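Q:
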Ligand code: AHM
Ligand code: MG
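In full-length UniProt numbering, the protein residues as written are 1 to 297.
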């Protein structure tokens, strides 16, 4: 079996980047162990105005401490922090963008949640997603898995009892599939979104949506189809965040042969204006995203 360390070395990944990726992946252990004693909601809101779960703040603090102590990172932009965190090691080679615990409203019902991370070289966190050096997510489901891209395809690893991430799939390719999941309230969907979903349903597409972006995307990565969190009446930018969620997941989708779009433009080509910027998201099989983009408003 090939470990993530061996995979990274075989791929010629630079040593510091490999160390950073492995350090982040190792935090799945402490994060998983923290779930049991952090089940409630915290008394705080994040910058997007959402109530934070205790696990949101725990994971954010934990990952920030680990990254700051690594000497590898100069800046961290987190969904759970108002401001960009400046590490003492301002000479750190990389910057990290992260959603420390995505899908946290599902912790209470024990559904799969995850950690989403994007890594840039240099000290800026406001970059086009296509400039990422690496993107990954940890998925805390029946197994703990690491889905990773360093810009040469997407690999999937599973954490074993000895704390090793073992390679399960070397080069994931996202097929043209028929699963779809869409967030937002149906009566508030735009006309374009509603008619696109109706067209997919008429063709036999099957709805599967849990409310955890990372878990819902993972099945699209494997089976193909569409994940959407669209613009809606009164919410032209949708719900999800460009920097912490859309860019890393979009990078992984593209590396697997899929696409990410805001409905008209490739999200990986968009330069963020602010860290907590939101964006409508359509991510999935290339053909489906291209069809959507070709539709008129
Ligand atoms: P979170 O990062 O605070 O968990 O919020 C984002 C989550 C996504 O994981 C998920 O796709 C979406 O919000 C679900 O929203 P909704 O409950 O509106 O379907
Ligand atoms: Mg999230």
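All C-beta atoms in this analysis are idealised placements derived from N, C-alpha and C, irrespective of residue type, glycine included. Computed from a predicted model, the values in this text were never measured in an experiment.
In the DSSP assignment, what are the bridge partners of residue 166?
A: For the purposes of this step, residue 166 is taken as the residue at position 166 of the chain shown. DSSP, once it has assigned bridges, lists 3, 158 as partnering residue 166.
Q: With distances taken Cα to Cα, identify the nearest neighbour of residue 287 among 224, 201, 265, 71.
A: Numbered from 1 along the chain shown, position 287 holds the residue referred to as residue 287. Looking at the Cα atoms, 224 is the closest of the given residues.
Q: Using DSSP's beta-bridge definition, name the partner residues of residue 143.
A: Here residue 143 refers to the residue found at position 143 when the chain shown is read from its first residue. Paired residue(s): none; residue 143 is not in a bridge.
Q: Measuring CB to CB, does residue 124 end up less than 8 Å from residue 145?
A: Here residue 124 refers to the residue found at position 124 of the chain shown. Here residue 145 refers to the residue found at position 145 of the chain shown. Cβ distance not < 8 Å, so residue 124 and residue 145 don't count as in contact.
Q: Find out if the Cβ-Cβ distance for the pair residue 209, residue 280 is shorter than 8 Å.
A: Reading the chain shown from its first residue, position 209 is the one you call residue 209. Reading the chain shown from its first residue, position 280 is the one you call residue 280. Not a contact, by the Cβ cut-off of 8 Å.
Q: By the 10 Å Cβ neighbour count, where 16 or more other Cβ atoms means buried, how is residue 239 classified, buried or exposed?
A: As a working note, residue 239 is residue 239 in the chain shown. Label assigned to residue 239: buried.
Q: If we count Cβ pairs, one from each stretch, closer than 8 Å, do we get three or more for the segment 246-258 versus the segment 167-175?
A: Segments in contact, yes.
Q: Is it the case that the Cβ atoms of residue 139 and residue 155 are separated by a distance below 8 Å?
A: Taking the first residue of the chain shown as position 1, residue 139 is located at position 139. Taking the first residue of the chain shown as position 1, residue 155 is located at position 155. It is not a contact, given that the beta carbons lie outside the stated cut-off.
Q: For residue 261, which residues does DSSP report across the bridge?
A: One-based indexing of the chain shown puts residue 261 at position 261. 266, 282, per the DSSP bridge assignment.
Q: Provide the residue span of the beta strand (DSSP E) that contains residue 68, from first to last.
A: To locate residue 68, count along the chain shown from 1; it is residue 68. Not the beta strand (DSSP E): residue 68 falls in the alpha helix (DSSP H), residues 54-70.
Q: Of all the options 32, 260, 49, which has the alpha carbon lying nearest to the alpha carbon of residue 142?
A: Counting from one through the chain shown, the residue named residue 142 turns up at place 142. Ranking the options by Cα distance to residue 142, first place goes to 32.
Q: Taking 7 Å as the line, does the beta carbon of residue 45 fall inside it for any heavy atom of ligand 1?
A: Counted from its first residue, the chain shown places residue 45 at position 45. Outside the cutoff, so no.
Q: Starting from residue 29, follow the beta strand (DSSP E) in both directions and report where the run begins and ends.
A: Within the chain shown, the letter at position 29 stands for residue 29. From DSSP, residue 29 is part of no beta strand (DSSP E) but of the alpha helix (DSSP H) over 28-34.
Q: Strictly by DSSP, which residues pair up with residue 98?
A: For the purposes of this step, residue 98 is identified with residue 98 of the chain shown, where counting begins at 1. According to DSSP, residue 98 bridges with 78, 117.
Q: Between residue 111 and ligand 1, is there a pair consisting of the residue's CB and a ligand heavy atom that are separated by less than 7 Å?
A: The count along the chain shown starts at 1 and reaches residue 111 at position 111. Outside the cutoff, so no.
Q: Following a CB-centred definition, is residue 78 positioned closer than 7 Å to any heavy atom of ligand 1?
A: As a first step, residue 78 must be located in the chain shown, where it is residue number 78. No, Cβ of residue 78 sits at least 7 Å from all heavy atoms of ligand 1.
Q: Leaving out five residues on either side along the sequence, give the residues of the same chain with a beta carbon under 6 Å from the beta carbon of residue 41.
A: Locating residue 41 in the chain shown gives position 41, where the first residue counts as 1. Cβ neighbours of residue 41 beyond the five flanking positions: 51, 53.
Q: For residue 97, which option in 283, 290, 276, 203 has the closest C-alpha, if you only look at C-alpha atoms?
A: Indexing the chain shown from 1 puts residue 97 at position 97. Measuring from the Cα of residue 97, the nearest candidate turns out to be 276.
Q: DSSP on residue 179, reduced to helix/strand/coil?
A: Taking the chain shown and counting its residues from 1, the one referred to as residue 179 is at position 179. Correct three-state label for residue 179: strand.
Q: Report the option in 203, 292, 121, 26 whose CA atom is closest to the CA atom of residue 92.
A: In the chain shown, the residue the question calls residue 92 occupies position 92. Taking only the C-alpha atoms, the option nearest residue 92 is 121.
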